[in-house]
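Worksheet for the structure shown next.
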Amino acid sequence: MKVFLAGIIQGSLVSADIHSQDWRQAIKDALAEHLPQGEVYCHYSEHPNSISYELEDIKKTFAEGNALAGDCDLLIAYCPSASMGTAIEMHEAVKNSAVVLTVSPLAANWVIRAYSDRIFADIDELVSFISTGQVNSMLSQRGR
Numbered sequence: 221m222k223v224f225l226a227g228i229i230q231g232s233l234v235s236a237d238i239h240s241q242d243w244r245q246a247i248k249d250a251l252a253e254h255l256p257q258g259e260v261y262c263h264y265s266e267h268p269n270s271i272s273y274e275l276e277d278i279k280k281t282f283a284e285g286n287a288l289a290g291d292c293d294l295l296i297a298y299c300p301s302a303s304m305g306t307a308i309e310m311h312e313a314v315k316n317s318a319v320v321l322t323v324s325p326l327a328a329n330w331v332i333r334a335y336s337d338r339i340f341a342d343i344d345e346l347v348s349f350i351s352t353g354q355v356n357s358m359l360s361q362r363g364r
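Each number in the numbering used here comes from the position in the sequence shown (counting from 1) with 220 added on.
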């Protein structure tokens, strides 16, 4: 089972800075404990310095991430605020009938609503859900 971690990196920051990425580890830990069969891909872990990439590498890395999101079985999105990249990754995952679990306070946002199978208020709520085993049921219902 392929798992893609999608989430805000630069978001709407005007400068070449990134948001904190500390949210990723708690999700990775929960997946390792409760979905050990998952092959977790974390785009940020693979490209921690991407904010400094030149345009050619940006395009290549962006296309690669979108392709991997489109090929996953489970996409977990972290959107504390709007993220264009995460929205595209969610779109790609949904096109392939992946299960999408989203952590976001933006529950009224159309992209979040349209592309999420479940929306969680915070990471603790998501981790609790993962621990119940319901993710496997959701995946099975999609034939994954």
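Glycine included, C-beta positions come from ideal geometry on N, C-alpha and C.
CA nearest to the CA of residue i, picked from the options
i	options	result
residue 232	253, 285, 305	305
residue 243	279, 262, 282	262
residue 317	346, 252, 236, 289	289
residue 267	310, 364, 225, 291	225
residue 333	299, 276, 228, 278	299
residue 258	246, 240, 291, 223	223
residue 346	227, 246, 240, 228	246
Exposure of residue i, with buried meaning 16 or more beta-carbon neighbours within 10 Å
i	result
residue 312	buried
residue 293	buried
residue 287	exposed
residue 274	exposed
residue 301	exposed
residue 265	exposed
Residue i, enclosing beta strand (DSSP E) - first and last residue
i	result
residue 298	294–298
residue 339	338–340
residue 236	Premise fails: residue 236 is in no beta strand (DSSP E) and is neither H nor E.
residue 259	259–262
Endpoints, the alpha helix (DSSP H) within which residue i is located
i	result
residue 306	304–315
residue 322	Counting along the chain, residue 322 falls outside any alpha helix (DSSP H), though it belongs to the beta strand (DSSP E) covering 319–323.
residue 285	275–290
residue 334	330–335
residue 251	243–254
Inter-residue Cα distance where the pair is residue i and residue j
i	j	result
residue 272	residue 235	11 Å
residue 363	residue 319	11 Å
residue 337	residue 309	14 Å
residue 296	residue 282	17 Å
residue 335	residue 314	6 Å
residue 221	residue 227	19 Å
residue 252	residue 270	26 Å
residue 349	residue 307	22 Å
residue 280	residue 303	19 Å
residue 291	residue 285	10 Å
Sufficient close CB pairs (3 or more, under 8 Å) joining the region 320–330 to the region 338–350: yes
The region 353–362 in contact with the region 326–334 per 3-pair CB rule at 8 Å: no
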